[in-house]
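Trainee: Can you keep this structure in mind? I'll have questions shortly.
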Amino acid sequence: MYYEDLTPYIYSNTDIEMKNIAWLDASHDYKKGEVSEEFKDRLWKYMRYPVRVTRGFQMCPFCSLGKFEVPTTTFNGQTRKVGFYEFSVWGQDNTVYAVTSLIFHYMDAHRYKPPQEFIEAVMGSDDPDNQDYFNRVLSLEHGCDFWIETDGTIVK
Numbered sequence: 011m012y013y014e015d016l017t018p019y020i021y022s023n024t025d026i027e028m029k030n031i032a033w034l035d036a037s038h039d040y041k042k043g044e045v046s047e048e049f050k051d052r053l054w055k056y057m058r059y060p061v062r063v064t065r066g067f068q069m070c071p072f073c074s075l076g077k078f079e080v081p082t083t084t085f086n087g088q089t090r091k092v093g094f095y096e097f098s099v100w101g102q103d104n105t106v107y108a109v110t111s112l113i114f115h116y117m118d119a120h121r122y123k124p125p126q127e128f129i130e131a132v133m134g135s136d137d138p139d140n141q142d143y144f145n146r147v148l149s150l151e152h153g154c155d156f157w158i159e160t161d162g163t164i165v166k
């Protein structure tokens with residue numbers, strides 16, 4: 011499923027205007043490059059808080075994983091399942107970014123470089139491990155809380 015970076019989010023019904031990030035497809039080019047470890051550190055925290063969780067999962071369009079194998083990605087010795095949820099990032103101007111959980115895999119395996127606007131939003135955002143972020147996500151999800159006490163995205 012492809013949506014160009016920074017275009018309006020339309021994948022799932024929502025009353026909030028959001029912008030797409032990392033909805034890649036093999037039939038479309040994307041920006042390649044390196045991102046800082048500091049950016050990866052901050053982004054990795056957001057992946058702990060899935061929103062718009064789906065029953066199925068999206069495969070990487072560039073890899074040849076088996077069709078029943080849930081994709082994973084690893085950072086700093088921790089491995090997460092990806093491809094079955096999104097997460098949200100708020101920029102300084104209250105722009106909301108709808109990010110596919112495959113973003114980390116795309117950056118590491120396929121050299122995807124998110125738009126600078128999004129990188130700046132992540133670097134300038136509040137830490138997602140706080141009540142304010144939780145409240146923002148609850149408002150976006152109409153009070154639906156997908157988070158559980160243990161991190162369901164971690165591969166043990």
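All the letters of the sequence shown, read from the start, carry residue numbers 11 to 166 under our numbering. Using N, Cα and C, we set each Cβ at its ideal position, and we do this for glycine too. Everything numeric in this text was worked out from a predicted model, so none of it was measured.
Go to N145, then tell me how far its beta strand (DSSP E) extends in each direction, as first and last residue.
Mentor: As a working note, residue 145 is residue 135 in the sequence shown. Segment Q141 to L150 is the alpha helix (DSSP H) holding N145; no beta strand (DSSP E) there.
Trainee: So, is H38 buried or exposed, given that buried needs 16 or more other C-beta atoms within 10 angstroms?
Mentor: In the sequence shown, the residue the question calls residue 38 occupies position 28. By the 10 Å Cβ count, H38 comes out exposed.
Trainee: How many angstroms separate the CA atom of F94 from the CA atom of S111?
Mentor: In the sequence shown, counting from the first residue as 1, residue 94 sits at position 84. In the sequence shown, counting from the first residue as 1, residue 111 sits at position 101. Distance between the alpha carbons of F94 and S111: 7 Å.
Trainee: Roughly how many angstroms lie between the CA atoms of C70 and E44, to the nearest whole one?
Mentor: Taking the first residue of the sequence shown as 1, we reach residue 70 at position 60. Taking the first residue of the sequence shown as 1, we reach residue 44 at position 34. Straight-line spacing of the CA atoms in C70 and E44 works out to 19 Å.
Trainee: Mapping DSSP to helix, strand and coil, what is F49?
Mentor: Residue mapping note: residue 49 aligns to position 39 of the sequence shown, counting from 1. Helix at F49.
Trainee: Could you tell me the alpha carbon to alpha carbon distance between T17 and K29, rounded to whole angstroms?
Mentor: One-based indexing of the sequence shown puts residue 17 at position 7. One-based indexing of the sequence shown puts residue 29 at position 19. The alpha-carbon atoms of T17 and K29 are separated by roughly 5 Å.
Trainee: Beta strand (DSSP E) containing F85: first to last residue?
Mentor: Taking the first residue of the sequence shown as 1, we reach residue 85 at position 75. Boundaries of the beta strand (DSSP E) around F85: T82 to F85.
Trainee: Quick check: what's the CA-CA separation for W33 versus V109?
Mentor: Working through the sequence shown from its first residue, we reach residue 33 at position 23. Working through the sequence shown from its first residue, we reach residue 109 at position 99. V109 has its alpha-carbon roughly 8 Å from the corresponding atom of W33.
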